[in-house]
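Read the structure below first, then the notes.
Number of protein chains: 2
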Amino acid sequence: MISSTEMLRHQNRAHVLAGLRELGPSAHTTLSEWSGLSSASVSSITAELEAEGVLAKLEHVASSGRGRPRVLLGPNATFAYVAAIRITTEAVEYSLVNYAGTLVDRFHEARPAKEKAPKHFLERIKRCVARLAERSGLDGASIQLVSITTKGVVAPDSPTLIWSPVFGDKAIDFAAELQEVTAACVYLHNETTFSAQAVSRRVHRQDAAFDNGHRIAVLSLGQSIGLGVATLKSHGRVSSFAPPFGHMIDQPQGSLCRCGSNGCVEATAGFHGILRTAFDGPSDTVPARIIPLAEMDKLAARARGGEHSAEYAFRCAGDCLGLALARLSSLLGVAQISITGHGVRYIDLLLPGINRGLEQTMQARQGRLPQVHIEHDETHLVHEGSTRWALATLDETRVATRQLSHLQVVG
Amino acid sequence: MISSTEMLRHQNRAHVLAGLRELGPSAHTTLSEWSGLSSASVSSITAELEAEGVLAKLEHVASSGRGRPRVLLGPNATFAYVAAIRITTEAVEYSLVNYAGTLVDRFHEARPAKEKAPKHFLERIKRCVARLAERSGLDGASIQLVSITTKGVVAPDSPTLIWSPVFGDKAIDFAAELQEVTAACVYLHNETTFSAQAVSRRVHRQDAAFDNGHRIAVLSLGQSIGLGVATLKSHGRVSSFAPPFGHMIDQPQGSLCRCGSNGCVEATAGFHGILRTAFDGPSDTVPARIIPLAEMDKLAARARGGEHSAEYAFRCAGDCLGLALARLSSLLGVAQISITGHGVRYIDLLLPGINRGLEQTMQARQGRLPQVHIEHDETHLVHEGSTRWALATLDETRVATRQLSHLQVVG
DNA sequence: TTATTTTTCCCGACAGTCGAGATAATTAAA
DNA sequence: TTTAATTATCTCGACTGTCGGGAAAAATAA
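Those protein sequence lines, which keep their order, are chains V and U.
Residues 1478 to 1888 in this note's numbering are what the first sequence lists, from first letter to last.
Residues 1478 to 1888 in this note's numbering are what the second sequence lists, from first letter to last.
Dropping the structure here:
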């Protein structure tokens, strides 16, 4: 990576855009203070971005005190759009967000119960992406970036799904497929990546003690077990990844998991795992793909009523999670663990085990026990994280570098 | 982080210095090609560095072919020095390396068998650091950086030892202590951090397939269990860290470990763990601090001879390591695992278990089984890694940024 | 209407990179 | 021995970007 003055400008453009995302619409002076750039530099950069149509002056704000009132600058909402697609086991959700970060359109489509081949699934997604643009009257080039979230294992640095609960080991290259219907850049991430980012950002804002280097893990409990780890960087930026935590080995010769291996965390602590333990099901059979929530609720009620087999199943799940989180925490040094997903409704049954596990770590002995929090709205976390990341990435990779096709450069 | 032209120059200076470290002494043109900088920029930068005394023209090399022969440029050996200190359970080793990377002096000092308080230990280290400078006739300011390696857990971004096999939870701040005898920057890392870097760099050179994003883990087997993970970045750079792998929980209510927790990996797979399993020692007693190698050798011989209890102990250790490595690999996606340390002499007894563990991962099912290699010379890896890192850090943080006290700038 | 305060813009100084051409050092051939 | 060819390095002018300081603009209080 060599450094030229051109790249210098790109970095400072990106920095100004990042400031605008972090602070919301702000004045010249605020941006200068936040970024550390001189007033003159901010002026030149914002003027340039305004000429390109990236930024727009907002209507004047009621002046607070004497002196010339500030002129707020913000992202030009119609400059570009990003699509956020969330694939869950039951449905696919499509959201369109404008450059200012406001939700413009949203709809979802249920997935057929028994769909084993990716072909029709992809066809439907392609149709829906086209529909997303049409419904808002946008032409093909307006959507600049598509951020897809899913469960399962995603290849690093390539929008390819390597393993998923529904399609198993059948790899799917979303970029190749979606290139047929859009010119946008396509990205694919495990959804917990973004839950972790969203939680991380919020914690950073509320608690100044959480800064550079702190790690937060978000655990998603449900049909499957997901986990994202976010690391805070300087200036409120955050990087994250989603290891296949649910398929880390818990017990060497344990029960068969949906992934084809034995003894995964998910095989004990996923919904199907809990059910199997409760009903003492055969350990060499692949469990049902989806367990209805109602059935889990019934089981939980019985556990709370003191029924042994049900209570035992949840206890096993909790212990398994606690141990797995302890191992994760040993390896990565996590300062906080947030738990989310449909499974949080059974958290009273799981938490004792989770705490037992965490307390066994060396970290705990040294007084650095990770805090455990509950997050009820996973959907919101994922959407927030995904769109914020999408806009930030658009800013950094295309807008700051002037690589965006439809920049209207003036003079 | 704002970008100014000043910082631009610093980055490019650092880049040129990195090229020189990567390529060895090289000519103007080679550097320009490697770095991507224009010939003019390289010229201006190298001229500057030469005037500052950082670089020096090497004696002419036998010309290969027609044309003007190349003038090789290399680090000026006497420009600065770094000290590499390796703390092991038995001794402390001191090395002095000049700016060109050549070993200038080396000696070591055994540690007294029973030393529980850090005070005298630190006093001895301070004396030896002073001695290291004296013996080579250097004044205090010549040693610019001290890189200390140890076993145990080190605080991130601060030269503080948080836990060590010898001093337990007594925290030691090396920077504060060493400031009394030297003005140099003091850094502290777990030694496996550098083993991992050294292996990673070598693999990168030999196999072009290993590039950006690939991860290598180095497992050190001995009295304790250490592990370092290195990630390859662009341009041959490498980042690494050393999680407390040996104290990750293996079995929830397992045997007591030296660290005070129960069921750590080390409590089963460290030398003391193997010995305890073989002799069926009590699980609630802290094992001996150091097991003589001769005793382990005897045990291994008996295991190879087919004796059940000995064979069982090594098998347990192997399985434990395999499982722990499988978990690590799930969470971090490791492409290669190198095993080193005194324990490699028992690798024939451990390897089957290690492989059994790794084969159970989802990665293995997908054909991405981490390769297992053996590295016999751990001392060399650590020294190589430590000094290379020290010089690179000196280049980046002090030389490139012109922060070095004794730069002799010429108009 | 005037003074005050705050924001924004403009200009010159300085620093860094790049491309192209000039210069230097050596070998091969005449 | 001389000359041409080849290759490496250095120098110069053009361009771009940042920074500081000061001037201009816009709103409010007196």
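Heads up, the beta-carbon is just placed ideally off N, CA and C, and yes, glycines get one too.
Fair warning: this is a prediction, and the values are worked out from it, not measured in the lab.
(1) In whole angstroms, give me the CA-to-CA distance for Arg1833(V) and Asp1796(V).
(2) For Thr1565(V), does the three-state DSSP call read helix, strand or coil?
(3) Can you list, in chain order, the residues of the stretch 1720 to 1733 of chain U whose Cβ is nearer than 8 Å to any Cβ on chain V?
(4) Cβ atoms of Leu1704(V) and Leu1805(V): under 9 Å apart, would you say?
(5) Could you tell me which of Glu1567(U), Gln1488(U), Leu1798(U) and Asp1825(U) sits nearest to Gln1728(U), measuring between CA atoms?
(6) In this structure, how does DSSP classify Lys1603(U) when only helix, strand and coil are distinguished?
(7) At which residues does the beta strand (DSSP E) containing Asp1582(V) begin and terminate?
(8) Is the beta carbon of Thr1838(V) closer than 9 Å to that of Ser1641(U)?
(9) If you run the structure through DSSP and keep just helix, strand and coil, what is Thr1817(V)?
(10) Got a sec? Which residues, its chain only, sit under 6 Å from Ala1661(V) by beta carbon, not counting five neighbours each side?
(11) Does any CB atom of chain V fall closer than 9 Å to the CB of Pro1759(U)?
(12) Please classify Leu1776(U) as buried or exposed, where buried requires at least 16 other C-beta atoms within 10 Å of its C-beta.
(13) Once the 5 residues before and after Gln1674(U) are set aside, which same chain residues still bring their CB inside 8 Å of it?
(14) If you compare alpha carbons, which of Asp1634(V), Ser1672(V), Thr1627(V) and Glu1600(V) is closest to Gln1656(V)?
(15) Please state the DSSP three-state secondary structure of Ser1572(V).
(16) For chain U, check one thing: does any of its Cβ atoms lie closer than 9 Å to the Cβ of Trp1640(V)?
(17) Could you name the residues of chain U that Arg1583(V) contacts, counting a contact when the two beta carbons are closer than 7 Å?
(18) Interface residues of chain U around Cys1736(V) at Cβ under 9 Å?
(19) Tell whether a beta-carbon distance below 9 Å holds between Ala1803(V) and Ala1746(V).
(20) Check the Cβ-Cβ distances between Ser1481(U) and every residue of chain V, and say whether any is below 9 Å.
(21) With 9 Å set as the bound, which would you pick, yes or no: does the beta-carbon of Ala1803(V) sit closer than that to a beta-carbon of chain U?
(22) Take the Cβ of His1597(U) as the centre, count every other Cβ of all protein chains shown within 10 Å, and call the residue buried at 16 or more, exposed below.
(23) Anything in chain U within Cβ reach of Gly1690(V), meaning under 8 Å, just list it in chain order.
(24) CA-CA distance, Ala1440(V) and His1505(V)?
(25) For chain U, is any of its Cβ atoms less than 9 Å away from the one on Asp1872(V)?
(26) Report buried or exposed for Thr1817(U), applying the criterion of at least 16 other Cβ atoms within 10 angstroms of its Cβ.
(27) Please list, in chain order, the residues of the stretch 1547 to 1579 of chain U that have any C-beta partner in chain V closer than 7 Å.
(28) Please go through the same chain and pick out, in chain order, the residues whose beta-carbon is closer than 7 Å to the beta-carbon of Leu1709(V), but skip the five residues on each side of it.
(29) For Cys1662(U), name the three-state secondary structure that DSSP assigns.
(30) How about Asn1739(U): is its C-beta nearer than 9 Å to some C-beta of chain V?
(31) State yes or no: is the C-beta of Gly1705(V) nearer than 8 Å to some heavy atom of the ligand COA?
(32) Beta-carbon of Ser1815(V) versus every beta-carbon of chain U: anything under 9 Å?
(33) Taking only runs of the alpha helix (DSSP H) that begin and end inside the stretch 1613 to 1656 of chain V, which ones reach a length of at least 4 residues, in chain order?
(34) Taking Cβ-Cβ distances below 8 Å as the criterion, which residues of the stretch 1643 to 1656 of chain U are in contact with chain V?
(35) Consult DSSP for Thr1874(U) and reduce its assignment to one of helix, strand or coil.
(36) Would Gly1888(U) count as contacting chain V if we go by Cβ distances under 9 Å?
Answer, in terms of the structure:
(1) 7 Å
(2) coil
(3) Result list: Pro1720, Pro1721, Phe1722, His1724, Met1725, Ile1726 and Pro1729.
(4) yes
(5) Closest by alpha carbon: Leu1798(U).
(6) In the structure shown, Lys1603(U) sits in a helix (DSSP, three-state: H, G or I).
(7) Leu1580 to Ala1587
(8) Against a cut-off of 9 Å, the Cβ pair of Thr1838(V) and Ser1641(U) comes out as no contact.
(9) strand
(10) Ile1620, Gln1621, Leu1622 and Val1623
(11) Pro1759(U) does not count as touching chain V.
(12) The residue in question, Leu1776(U), is buried, as its Cβ has 16 or more Cβ neighbours within 10 Å.
(13) Gly1705, Ala1707, Val1715, Ser1717, Gly1862, Arg1865 and Trp1866
(14) It is Glu1600(V) whose Cα lies nearest to the Cα of Gln1656(V).
(15) strand
(16) In terms of beta-carbon proximity, Trp1640(V) lines the interface with chain U, with at least one pair separated by less than 9 Å.
(17) By Cβ distance, chain U contributes nothing, its closest Cβ being about 34 Å from Arg1583(V), past 7 Å.
(18) Met1839 and Arg1842
(19) With a cutoff of 9 Å on beta-carbon distance, Ala1803(V) and Ala1746(V) are scored as not near each other.
(20) yes
(21) Closer than 9 Å to some Cβ of chain U, the Cβ of Ala1803(V) qualifies, so yes.
(22) Looking at its Cβ environment, which holds fewer than 16 other Cβ atoms inside 10 Å, His1597(U) is exposed.
(23) Pro1633 and Asp1634
(24) Any property of residue 1440(V) remains undetermined from this structure, which presents chain V solely from 1478 to 1888.
(25) no
(26) By the neighbour-count rule (16 or more Cβ atoms within 10 Å), Thr1817(U) is buried.
(27) none
(28) Ser1677, His1681, Phe1687, Asp1688, Asn1689, Gly1690, His1691 and Val1715
(29) In this structure, DSSP gives Cys1662(U) an extended state, which the three-state scheme calls strand.
(30) yes
(31) In the structure shown, the ligand COA is absent, as is every other ligand, since no ligand is present at all.
(32) no
(33) 1651 to 1655
(34) The stretch 1643 to 1656 of chain U vs chain V, Cβ under 8 Å: Asp1646.
(35) helix
(36) Any reading at Gly1888(U) must be qualified, since the residue scores a pLDDT of 27, below 50, and its modelled position is unreliable; no value is offered.
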